[in-house]
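Enquirer: Got a structure for you, written out below as structure tokens; questions coming shortly.
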Amino acid sequence: MSLREAFQSSGFKIGVELVSTRGTMSDTKAINVRNFSTELIERPEVDWISITDNAGGHPSIAASALGRPILFANKEVIIHITCKDANRNGLESKAWELSSEGFSNILAITGDYPGSGMSGIPKSVFDIDSVGLLHLLTKMNHGIEIGKKKKRQLLSTDFYLGTVVSNFKKHENELIPQYLKLLKKLETGAEYVINQVGYDAGKISELPAFMNHHQLSHIPLIGNVYVLSKFSASLFNKNRIPGVILTDALHREIFKYTESDDKGKAFFQELAAKMLAIYKGLGYKGGYIGGIHKIEDYHKIMDTFHSYGEQDWKLFAKELQYAQNDEFFYFEMNQDTGLVNPEKINPILKSNGTKTRNVNLNYQISKRFHNIMFTEGKGFYNIGKRLCSKSKNKSHAPNWLFGLEKIGKRILFDCQDCGDCSLAEIEYLCPESQCAKNQRNGPCGGTSDGQCEVKDLECIWARAYDRAKYEGNAENLLEHSPVLQNHALEHTSSWANFWCGIGHKKEK
Ligand code: SF4
Numbered sequence: 002m003s004l005r006e007a008f009q010s011s012g013f014k015i016g017v018e019l020v021s022t023r024g025t026m027s028d029t030k031a032i033n034v035r036n037f038s039t040e041l042i043e044r045p046e047v048d049w050i051s052i053t054d055n056a057g058g059h060p061s062i063a064a065s066a067l068g069r070p071i072l073f074a075n076k077e078v079i080i081h082i083t084c085k086d087a088n089r090n091g092l093e094s095k096a097w098e099l100s101s102e103g104f105s106n107i108l109a110i111t112g113d114y115p116g117s118g119m120s121g122i123p124k125s126v127f128d129i130d131s132v133g134l135l136h137l138l139t140k141m142n143h144g145i146e147i148g149k150k151k152k153r154q155l156l157s158t159d160f161y162l163g164t165v166v167s168n169f170k171k172h173e174n175e176l177i178p179q180y181l182k183l184l185k186k187l188e189t190g191a192e193y194v195i196n197q198v199g200y201d202a203g204k205i206s207e208l209p210a211f212m213n214h215h216q217l218s219h220i221p222l223i224g225n226v227y228v229l230s231k232f233s234a235s236l237f238n239k240n241r242i243p244g245v246i247l248t249d250a251l252h253r254e255i256f257k258y259t260e261s262d263d264k265g266k267a268f269f270q271e272l273a274a275k276m277l278a279i280y281k282g283l284g285y286k287g288g289y290i291g292g293i294h295k296i297e298d299y300h301k302i303m304d305t306f307h308s309y310g311e312q313d314w315k316l317f318a319k320e321l322q323y324a325q326n327d328e329f330f331y332f333e334m335n336q337d338t339g340l341v342n343p344e345k346i347n348p349i350l351k352s353n354g355t356k357t358r359n360v361n362l363n364y365q366i367s368k369r370f371h372n373i374m375f376t377e378g379k380g381f382y383n384i385g386k387r388l389c390s391k392s393k394n395k396s397h398a399p400n401w402l403f404g405l406e407k408i409g410k411r412i413l414f415d416c417q418d419c420g421d422c423s424l425a426e427i428e429y430l431c432p433e434s435q436c437a438k439n440q441r442n443g444p445c446g447g448t449s450d451g452q453c454e455v456k457d458l459e460c461i462w463a464r465a466y467d468r469a470k471y472e473g474n475a476e477n478l479l480e481h482s483p484v485l486q487n488h489a490l491e492h493t494s495s496w497a498n499f500w501c502g503i504g505h506k507k508e509k
């Protein structure tokens, strides 16, 4: 049964994560992973094995190398593809290779910022993001035409595409853009969803409620269960893994068990089994177990999970209440059950017109200026269009105008001269200078407490959400997406490009 068929059939499915290692397939670490993988292959109740792509931004052997023996053994494999180390051509090339080898399940992710590399930190790529990657892979699934006239050929793949949602976010302006991005990813071609690691039943219950609310209950949701250790719990608690939240309250609870002889292992395995039960009880299609490296640990968790009664998960959900202080929920929480109440949307979501510090003078002037300059048929639009369309090079406005654009945008937005401007789509925040991953299609999953995982800045998408909400336009924040920046326009005039219909807007 393919993974697509498995996710459409009845029953709670189980997947296990393998983390690829640095070195060749014959090095000790890789041998250990391969041995574990062989044992998982032999377990008929393991529906799939997932393999990470340079997890944590560290270099490692390609996921396909570990995946091949699993594929040959007729077990379903999900290959993770991230955008940090390759541009769109590199990603397309990887996709053709995977398809040629018989891999058909892909998890499309933006990816962590590069964390280590030979002789220092490598340059990150992020030419496209998870939405752009899904757009690319969906196009490949539909068929890409190559060649001319009679030699024209339609080349296609048949990938089953999945995505990740980071739903354990603290602030409204962090969480809602994540949900909007999830909707965009589903619209762009994702067919199943895995949530980020998190340890709060309230937020776990919110995701299926959100999907139901948007008539998306047919999309398989897979619950992420990362089996903790003393070490990983400490890393998560210190926000050392982007986007993964483990609160001080849970960390204090964990500390009681890590002092015991087994360093908390039994507690961690029981917690994982209870989380599987919660996911199953809430209607998730499966559980995705990470953080284990031995088959005995897998058996212990699964035996405990299978020992529970049908309704036990409700009790576990009441125990697993580790939201962050003042964490925002899309739906109101029911304190009796520890789950959200899907009937009650948080009224704050409707409070448009609220002026926050992000709705500042710079924003208001920029918006007004944009309307005068770029509203079709109005203000300066016709003059600008006439001036630029007469030039030989339509991407080059007259020097005085180009100079004005460069100076003005550098002062106001720290413009990096990309020429394919997304300012108006991100509420007048520049993705090139103020976003470490140049995200144009919504936030990556790496923020913590609203802050960027790399730069000491509030996430541009949280700021953009505040501005859009002030205007009563928050729901349409990602209406412009998917955007794939055209690098041919670098150092050209984005104003001229806009007036002459050149760039990503035209492409769309
Ligand atoms: S032209 Fe590019 S670099 Fe300049 S403000 Fe717009 S998005 Fe940023």
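Quick note: the sequence shown uses our numbering, first residue 2, plus one each step.
Where a beta carbon is used, it is the ideal one built from N, C-alpha and C, also for glycine.
The structure presented is a predicted model; accordingly, all values stated were derived computationally and were not measured.
By the DSSP assignment, the beta strand (DSSP E) with Lys410 in it spans what residues?
Expert: One-based indexing of the sequence shown puts residue 410 at position 409. Premise fails: Lys410 lies in the alpha helix (DSSP H), Asn400 to Phe414, not in any beta strand (DSSP E).
Enquirer: Buried or exposed: Met2, going by 16 or more other Cβ atoms within 10 Å of its Cβ?
Expert: Indexing the sequence shown from 1 puts residue 2 at position 1. Exposed: under 16 other Cβ atoms inside 10 Å.
Enquirer: Less than 8 Å between the CB atoms is what I'm expecting for Leu512 and Pro209, so what's the real figure, rounded?
Expert: For residue 512 there is no data in the structure shown, the boundaries of the chain being 2 and 509.
Enquirer: Apart from the five residues on each side of it in sequence, which residues of its chain come closer than 6 Å, Cβ to Cβ, to Phe414?
Expert: Numbered from 1 along the sequence shown, position 413 holds the residue referred to as residue 414. The residues are Cys431.
Enquirer: Just confirm the distance between the C-beta atoms of Ile50 and Val78, as a whole number of angstroms; I'd bet it's less than 8 Å.
Expert: Start at 1 with the first residue of the sequence shown, and residue 50 comes out as number 49. Start at 1 with the first residue of the sequence shown, and residue 78 comes out as number 77. So it is a contact: roughly 6 Å between Cβ atoms.
Enquirer: To which residues of the same chain is Ala64 closer than 7 Å at the C-beta, ignoring the five residues directly before and after it?
Expert: Position 63 of the sequence shown, counted from the first residue, corresponds to residue 64. Only Ser21, Ile52, Thr53, Asp54, Ile80 and His81 meet the Cβ criterion.
Enquirer: Consider the C-beta atom of Gln440 and the heavy atoms of the ligand SF4; say whether any pair is separated by less than 8 Å.
Expert: By one-based count along the sequence shown, residue 440 stands at place 439. No, since every heavy atom of the ligand SF4 falls outside the 8 Å radius drawn around the Cβ of Gln440.
Enquirer: Classify Arg253: buried if its beta carbon has 16 or more other beta carbons within 10 angstroms, exposed otherwise.
Expert: Along the sequence shown, read from residue 1 onward, the residue named residue 253 stands at position 252. Classification for Arg253: exposed.
Enquirer: Using only Cβ atoms and a threshold of 7 Å, which residues come within that distance of a heavy atom of the ligand SF4? Order them by chain position.
Expert: In chain order, the hits are Lys410, Phe414, Cys416, Gln417, Asp418, Cys419, Gly420, Asp421, Cys422, Ser423, Leu424, Cys431, Pro432, Glu433, Ser434 and Ser495.
Enquirer: I need the boundaries of the alpha helix (DSSP H) containing Val1, first residue and last residue.
Expert: One cannot answer for residue 1 here, as it falls past the ends of the chain, which runs 2 to 509.
Enquirer: List, from N- to C-terminal side, the alpha helix (DSSP H) runs of 4 residues or more that fit wholly inside the region 310-364.
Expert: As far as the region 310-364 is concerned, its whole alpha helix (DSSP H) runs of at least 4 residues are 313-320.
Enquirer: Pair every Cβ in the region 236-256 with every Cβ in the region 290-305, then say whether three or more of these pairs are closer than 8 Å.
Expert: No, the region 236-256 does not touch the region 290-305.
Enquirer: Based on DSSP bridge pairs, tell me the residues matched to Gly287.
Expert: For this step, residue 287 is matched to residue 286 along the sequence shown. According to DSSP, which records beta bridges pairwise, Gly287 is partnered with Lys14 and Ile223.
Enquirer: Do three or more CB pairs link the region 362-376 to the region 476-485 at distances below 8 Å?
Expert: Too few Cβ pairs lie closer than 8 Å, so no.
Enquirer: Are there three or more Cβ pairs, one per stretch, closer than 8 Å when the region 461-468 is compared with the region 354-363?
Expert: The region 461-468 is in contact with the region 354-363.
Enquirer: Are Cys389 and Ser494 closer than 9 Å when you measure CB to CB?
Expert: For this step, residue 389 is matched to residue 388 along the sequence shown. For this step, residue 494 is matched to residue 493 along the sequence shown. Yes, the Cβ-Cβ distance between Cys389 and Ser494 is below 9 Å.
Enquirer: Got a sec, what are the start and stop residues for the beta strand (DSSP E) Thr259 sits in?
Expert: To locate residue 259, count along the sequence shown from 1; it is residue 258. Where Thr259 is concerned, there is no enclosing beta strand (DSSP E), although the alpha helix (DSSP H) it sits in stretches over Asp249 to Thr259.
Enquirer: Please report the straight-line C-alpha distance between Cys501 and His219, rounded to a whole angstrom.
Expert: As a first step, residue 501 is located in the sequence shown; it is residue number 500 there, counting from the start. As a first step, residue 219 is located in the sequence shown; it is residue number 218 there, counting from the start. Those two C-alpha atoms are separated by around 42 Å.
Enquirer: Quick check: the Cα distance between Phe269 and Val198, rounded to an integer number of angstroms?
Expert: The residue labelled residue 269 in the question sits at position 268 within the sequence shown. The residue labelled residue 198 in the question sits at position 197 within the sequence shown. Straight-line Cα distance between these residues: approximately 14 Å.
Enquirer: Please report the distance separating the alpha-carbon of Gln154 from that of Cys416.
Expert: Start at 1 with the first residue of the sequence shown, and residue 154 comes out as number 153. Start at 1 with the first residue of the sequence shown, and residue 416 comes out as number 415. Taking the straight line joining both Cα atoms gives about 41 Å.
Enquirer: Suppose the cutoff is 6 Å on Cβ atoms and the five residues either side in sequence are ignored; what does the same chain contact list for Gly446 look like?
Expert: In the sequence shown, the residue the question calls residue 446 occupies position 445. Closer than 6 Å at the Cβ level, and outside the excluded window around Gly446, lie Ser167, Gln197 and Gly244.
Enquirer: Just to confirm before moving on: does the CB-CB distance between Val165 and Ile110 stay below 9 Å?
Expert: The sequence position of residue 165 within the sequence shown is 164, counting from 1. The sequence position of residue 110 within the sequence shown is 109, counting from 1. Yes, the pair counts as a contact, with Cβ atoms nearer than the cut-off.
Enquirer: CB Ala96 to CB Leu137, shorter than 9 Å?
Expert: The residue labelled residue 96 in the question sits at position 95 within the sequence shown. The residue labelled residue 137 in the question sits at position 136 within the sequence shown. Yes. Within cutoff.
Enquirer: Looking at Ile290: is its Cβ nearer than 9 Å to the Cβ of Glu18?
Expert: By 1-based counting over the sequence shown, the position of residue 290 is 289. By 1-based counting over the sequence shown, the position of residue 18 is 17. For Ile290 and Glu18, yes; Cβs fall inside 9 Å.
Enquirer: Taking the alpha-carbon positions, what's the Thr259 to Ile293 distance?
Expert: If you number the sequence shown from 1, residue 259 lands on position 258. If you number the sequence shown from 1, residue 293 lands on position 292. Between Thr259 and Ile293, the C-alpha separation is close to 17 Å.
Enquirer: Look at Leu321 and Gly310 and say whether their C-beta atoms are less than 9 Å apart.
Expert: By 1-based counting over the sequence shown, the position of residue 321 is 320. By 1-based counting over the sequence shown, the position of residue 310 is 309. Taking 9 Å as the Cβ cut-off, Leu321 and Gly310 do not qualify as a contacting pair.
Enquirer: Compare the beta carbon distance of Ser131 and Ile145 with 9 Å and say whether it is the shorter of the two.
Expert: The residue given as residue 131 occupies position 130 in the sequence shown. The residue given as residue 145 occupies position 144 in the sequence shown. For Ser131 and Ile145, no; Cβs fall outside 9 Å.
Enquirer: Between the C-alpha atoms of Ser206 and Leu108, what's the straight-line distance to the nearest angstrom?
Expert: Taking the sequence shown and counting its residues from 1, one reaches residue 206 at position 205. Taking the sequence shown and counting its residues from 1, one reaches residue 108 at position 107. Each residue's alpha carbon lies about 22 Å from the other.
Enquirer: Assign Glu188 to buried or exposed, taking buried as 16 or more other Cβ atoms, counted over all protein chains shown, within 10 Å of its Cβ.
Expert: As a working note, residue 188 is residue 187 in the sequence shown. Exposed is the call here.
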